[in-house]
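Protein chains in written order, with this note's numbering: chain A, 27 to 160; chain B, 43 to 179. Where is the CB? At the ideal position from N, CA and C, for every residue including glycine. Just below is one structure, and these are the notes that go with it.
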Amino acid sequence: MKAHLTRRYWFAASHRLHTDKLSEAENRAIYGKCNNPFGHGHNYALEVTVSGQVAPDTGMVYNLPDLDLLVRNEVLERFDHQNLNCIPEFQEIVPTTENLCTAIFNILKRKLDAVHLERVRLEETSQNSFEVLG
Amino acid sequence: MTVYLTRKCEFSASHHYHNPAFTAEENQRVFGKCNNPNGHGHNYTLEVTVKGSVDAITGFVVDLKELKEIMNREVVDAMDHRYLNHEVPEFKAEIPTTENIAIAIWRRLEPKLQVARLHRVRLFEMHDLWVDFYGEA
């Protein structure tokens with residue numbers, strides 16, 4: 027039997043939406059308040075969904091402590107209480123939540139080989155969220 | 043046109059994880075704190091999603107009262123304030139992980155639904171941990 031297991035995590039980070047490929051005026055027009063030069067922050071909620079067969083001997087799709095450890099080491103430790111613009115992933119691209127969600131998906135996808143990464147969902151605020159499906 | 047309808051309910055139950063084919067050390071290593079033989083409990087939240095066509099006369103996909111009664115009878119009455127390992131037949135042989143409870147709930151509900159089809163069983167063990175089962179083999 028195939029089941030989907032979802033775990034929810036939280037981290038807090040700041041960012042500024044700005045690209046050198048556009049003029050100052052264009053940046054302000056497109057990104058509005060998010061273009062404030064000093065940046066601003068969010069409490070991000072991250073949902074990681076893995077899927078696979080429920081192992082008959084354990085009753086589990088994936089060992090939860092292993093997933094927690096992976097997300098903690100690869101995502102939370104790197105992004106929590108950081109300025110996203112200073113992180114290697116966002117030197118060339120803008121740390122929108124679309125790009126952040128995609129970056130987290132790619133980081134986890136590379137490390138998860140025993141189970142399928144079904145979905146990464148990232149809430150920037152309680153009113154907007156982004157998903158990348160595997 | 044297919045419409046999806048979700049109904050939520052809650053139940054509280056205790057359980058522990060143990061596989062008699064494993065040694066005591068293996069059980070402890072694989073299941074950690076969940077292997078405590080005296081058990082521990084959760085407030086489970088169950089979301090049942092059914093799908094179907096909207097009836098031209100009633101405007102319903104399913105009679106919610108009927109769905110609520112089925113969920114209460116098949117799940118809440120059977121599992122609420124129970125020790126799943128000892129009091130729910132499915133878990134005499136299977137470990138009552140969230141995955142297996144979701145599958146057991148699907149198997150209990152699916153044959154009882156007459157009009158709408160069961161689409162998804164979503165079972166929250168905690169607010170930050172849940173399992174979805176779509177009836178897939």
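Asked                                                                                                                                                            : Found
Kindly say whether Phe102(B), judged by its beta-carbon, lies nearer than 8 angstroms to any beta-carbon of chain A.                                             : no
Taking only beta-carbon positions, decide if Leu31(A) is within less than 8 angstroms of chain B.                                                                : yes
Tell me the residue span of the alpha helix (DSSP H) that contains Cys127(A).                                                                                    : Thr123 to Lys137
List the residues that DSSP assigns as beta-bridge partners of Gly83(B).                                                                                         : Ser56(B)
Please state the DSSP three-state secondary structure of Asp105(B).                                                                                              : coil
Which bits of chain A does Asn61(B) rub up against, with CB to CB less than 9 angstroms?                                                                         : Asp83, Thr84 and Gly85
Does Glu89(B) come within less than 8 angstroms of chain A when only Cβ atoms are used?                                                                          : no
Excluding five sequence neighbours on each side, which residues of the same chain lie with their C-beta closer than 8 angstroms to the C-beta of Glu144(A)?      : His30, Thr75, Val76, Ser77, Leu159 and Gly160
Would you call the CB atoms of Tyr57(A) and His68(A) closer than 8 angstroms?                                                                                    : no
Any contact between the region 35 to 54 of chain A and the region 114 to 123 of chain A? By contact I mean 3 or more CB pairs, one from each, below 8 angstroms. : yes
Among residues of its own chain, excluding the 5 on either side of Thr91(B), which ones have a beta-carbon nearer than 6 angstroms to its beta-carbon?           : Tyr46, Thr48, His161 and Arg162
Shortest alpha-carbon distance to Ile137(B) belongs to which of Arg115(B), Asp174(B), Pro62(B) and Ile99(B)?                                                     : Pro62(B)
Does any residue of chain A have a CB that is nearer than 8 angstroms to the CB of Ala179(B)?                                                                    : yes
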